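Data first, discussion second: the structure below is written as C-alpha cells.
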Amino acid sequence: MKILKLFGILLLPFALQAQQADLFFSEYLEGSSNNKALEIYNPTNQTVDLTQYLLRGTGNEATTWEFDYSFPAGAQVGPNEVFVIVDDAANPAMLAVADWVATGFEVGFNGNDARGLFYKDGANLVLLDLVGDPNNPTALDYAIAGVSAATKEHTLVRKSSVSAGNTNWAVASGTNADDSEWIVYNQDDFSHLGTHQFDGPPGEDGKGTVSIDFAEVPADTTFDLSFYIAGEADFVMTRLALIIPATWPWSKLTSDVLISGTAFATGTVSLNGDTVFVDNSALTQTETGTLTIKSITSPAAAERSKFTILTSSASGSLKEIAVSPAISVIKILTIAQARALPVGSIVLIEGVITIGAGITRTSFTDAYIQDESGAGLNVYKGGTDLDPLVVRGNRLRLQGEIDEYSGKFEITNYTATLLATDVELPGVQQISTLEASTLEYEGSFVEVKAVITDLYYAGGGTNLIITDGSGEVTVRVWDTAGLDLSSFKINDRITVFGVISPYNSAGQILLGYQNDISLVTYEEAPVTLKLAPHPFAPELGERMPIEFSAGAGETHVLLRIFDLSGRLVITLADEAGLPVLIPYYDGDGREGWNGRDQLGEKVPVGTYICHLDVVNEKTGKRTVRVAPIVVGTKLN
C-alpha cells in the first residue's frame, strides 16, 4: 500500500437540486402467523403503471438480491394513493384493503429478509427504496429507530415527512426514533394499512453544493479526503450524511472525521458503519463547512466510486443530492507491465523522464520515461510545440495509448500530470555492450563501461562504436543534443549512460547529455586468465566459461586455444585489451568456448591449452597466461 501526498485536481462544485419524488415503501407489517404485508406510496400527481416496476427479495443468509416478483398485469397506483400487498392467508381485516393478494413469497419475510422496489429502466434495474439490507450473511433481524429486531413481529410505518425512497438502509433505519425514517409499532397493528399520511413535496431537503479535492486518485493509496459543503439561498442545512463506499477502507472512528468552518461550529459527528452523520449544523449559502475523512485508502482495483451525500433541513428528512461526488480510482501500471500489453491499450503509468523533449528531435516531442522496474518507454507527441513537462528529472503521470514504431515501444496520445521535479533517475542498470546491441533493454536508461573503437559523423549526428569485449554497439549522439565530443578519441575507456533505442533491428545507445559520458582512468592491474575448474562436454551443448583481463589500458590481447602438440586450434580474441576482467563471447554472442576449432568442427576429447598473450603498447611489456581445458564426453 502506498501512502502519498496527492497532487489534487479541484473539481468545480456540483450544482445540486432535489430529486423528483418516486414510489417508496410506506408500510411494512410482519405480524403473527401469516399476517404480512407491504404498502407502496405514490407521492406524485400521476397514476403510475406498476408493471414498469419490480419487487425483489432475499432469503436467509443472503449477500445480494435473490428473488424477483413481478406486479400483476394491470397493477397501478393512483396519485397520492397506496398499493397494498397482503399474504393470501392474512387476517381478513388486512385482506380487505389489499390490492394484490399474494399467493407466493412476495411478502413471505420473517424479520431477516430484505425487500427492494426497483424501476425497470430498459435493461437496467434502478433501486428506488428498500426495507432491510440484501447483504445479510448472518441472517440478523434488522434494528430500526433503536429498536432491535424491529423487522420481526412489528409494524413499520414511514414517517409523513419522508418524500422519496432511500437506497441506504443505514440512513433510512437510523439509530433512534428521531433520525429514523420509520415509526415502529407493535405486532399485528393493522390500523395504518391502506392509507398513508404524507406532508407534501420534499421542499428544501436534498439541496446543497459540494466539491472535493480529487477527480481521480491512484489505486491502493492512503490520503485525507475533504468534502467542501455549502447550502443554497433560502435553505438551511441542519443535517448531513456521507456514505463512504465499502471498497474504501478507513478506521470508522469519529476521531478520524474532522469538521470545520462556521457552518459546523456547533456540529456533532456520529457514525453508523460507513455512514457519517453531521447534526446540529447551520449551512447556508454564505456559511460553509468542510468534512474530512482522515487516512482513507482507495481500492486496490480500478473503479468509479460514488460518495453519496444526503442533506436535510430541520423539519425534513435526509435526501440524496442530485449529483453526489465521485472519484475515479486509477490503476497505475509499471512500465514493464504497460510494455507487455497489446498495441492500442490505454494505460496509466508513472515514471521519470530520462531523455527530455528537444534532445533527439526538435520538430516534435520524442523523449523517454522510466520507472523503478527498470523498463522505459518512448514518449511521443506530434506537433512542433515541444511538451514543456517532458524534462529530464520530472516525475510524470502519463495516461495514453501504447504504440509501436519500427521496434520502438511508445506512449502516445497522452495527457501528462507533473508529480515532482529534479528526481533521481530510477532503475538504472549496468549492462554489457553485447546486451546493449540487442533489443532486450529497448527503452531503458542504462549504464555501459567500454572502449571506443571508432568515432565518426553520420547523418545529423555522431556515432561512437564501443565494446567491452562482449561485442560492439553504437552510441548515437544527435546534433540537437549539443554535446561536445572533442575530448573523446578511439581507444578511450568511457562510461556512458543512455537509452537503448532500435536501429536496423538492433539496439543502439542514445546519448543525450554531456554529463552522461565520461573518461575512465584505470590503475594498472595484473593480467589474469580465469577458467572454470572442470571439464566440459561440447556434444551436450556445454561451453567453457573464460574470463580475462589485460591489466592496463592501451594493450593488445591474443586469446587462443592450442592442443598439447602445440598446434593452434582456434583464435578466440585478437583485439585491444581492457584492464578489467571481462568474459569471452563467441561470434554468436554466447559466453564461453563451444569446443569447436577454426573451421567450426568439434574438437576431439582431450586436454587443451588456453593461451592469453598480452602486449602493453606503451611499455612493450609482454605477459602470458595459460590454463588447461579438458574436453570430455558423455559416458554411457
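Numbered according to my numbering, the sequence shown spans residues 26 to 661.
Beta carbons: idealized from backbone N, C-alpha and C, even for Gly.
Predicted model, so just to flag it, every value in this text is computed and none were measured.
Per DSSP, the continuous alpha helix (DSSP H) segment holding Ser-198 begins and ends at 194 to 198. In the same chain as Leu-316, and ignoring 5 residues on each side of it, the C-beta atoms closer than 6 Å to its own belong to Phe-252 and Ile-284, in chain order.
For Gln-362, the enclosing alpha helix (DSSP H) starts and ends at 360 to 364. If you look at Ala-290, you'll find it isn't in any beta strand (DSSP E); DSSP assigns it neither H nor E. Assigned with DSSP and collapsed to three states, Gln-539 falls in helix. Between the region 146 to 163 and the region 185 to 192 there are three or more C-beta pairs closer than 8 Å, enough to call the two in contact. Judged by DSSP secondary structure, Pro-117 falls within the alpha helix (DSSP H) whose first and last residues are 117 to 120. Each of Asp-588, Glu-579, Asp-599 and Arg-615 was checked against the Cα of Val-630, and the nearest Cα belongs to Asp-588. In chain order, Met-569, Tyr-633 and Cys-635 place their CB closer than 6 Å to the CB of Ile-654, counting only its own chain and leaving out the 5 sequence neighbours on each side. Fully enclosed beta strand (DSSP E) runs of no fewer than 3 residues occupy 313 to 322, 328 to 331 and 333 to 337 of the region 308 to 350, in order along the chain. DSSP lists Leu-79 as the beta-bridge partner residues of Ser-95. CA-to-CA, the gap between Thr-247 and Thr-440 works out to about 24 Å. Taking a contact to require three or more Cβ pairs closer than 8 Å, the region 385 to 400 and the region 272 to 281 do not qualify as touching. Counting other Cβ atoms within 10 Å of its Cβ, Val-73 reaches 16 or more and is therefore classed as buried.
Pairing Ile-542 with Ala-475 gives a Cβ-Cβ distance that is not under 8 Å. Under the Cβ criterion (8 Å, minimum of three pairs), the region 411 to 430 does not count as touching the region 546 to 563. Bridge partners of Phe-260 according to DSSP: none are assigned. Here DSSP, grouped into helix, strand and coil, assigns Asp-245 to coil. Only buried fits Leu-265, as 16 or more other CB atoms lie within 10 angstroms of its CB.
Taking each of Gly-82, Asn-105 and Thr-180 in turn and checking the Cα distance to Thr-69, the smallest one comes out for Asn-105. When the alpha-carbon of Arg-420 is set against those of Ile-374, Phe-561 and Ser-236, the nearest one is in Ile-374.
The three-state reading of DSSP puts Asp-281 in helix, counting H, G and I together. Judged by beta-carbon spacing, Ile-334 lies beyond the 8 Å limit of Ile-269, meaning their Cβ atoms are not closer than that value. Counting every other CB atom within 10 Å of its CB across the protein chains shown gives Arg-329 a total below 16, marking it as exposed. Pairwise C-beta distances place the region 204 to 212 out of contact with the region 77 to 86, as fewer than three of them are shorter than 8 Å. Secondary structure of Thr-69 (DSSP, three-state): coil. Burial is judged here by how many other beta carbons sit within 10 angstroms of a residue's own beta carbon; Tyr-53 has at least 16 and is buried. Beta-bridge partners assigned by DSSP to Phe-434: Glu-429. Cβ-Cβ distances below 8 Å link Pro-350 to Leu-36, Phe-39, Val-235, Ser-236, Ile-237, Phe-252, Lys-331, Phe-332 and Ile-334 in the same chain, with the five nearest sequence neighbours on each side left out; the list follows chain order. Taken in chain order, the complete alpha helix (DSSP H) segments of 4 or more residues contained in the region 393 to 474 are 458 to 461. For the region 129 to 185, the continuous beta strand (DSSP E) assignments of 3+ residues that do not extend past its boundaries occur at 140 to 146, 149 to 156 and 179 to 183, in sequence order.
Per DSSP, reduced to three states, the secondary structure at Thr-220 is coil, with no helix or strand assignment.
Here the alpha carbons of Val-545 and Thr-492 stand approximately 14 Å from one another. Taking 8 Å as the cut-off, the beta carbon of Ser-188 is found no closer than this to the beta carbon of Thr-263. If you look at Val-656, you'll find it in the beta strand (DSSP E) that goes 647 to 656. The region 575 to 595 makes contact with the region 638 to 648, as at least three CB pairs between them are under 8 Å.
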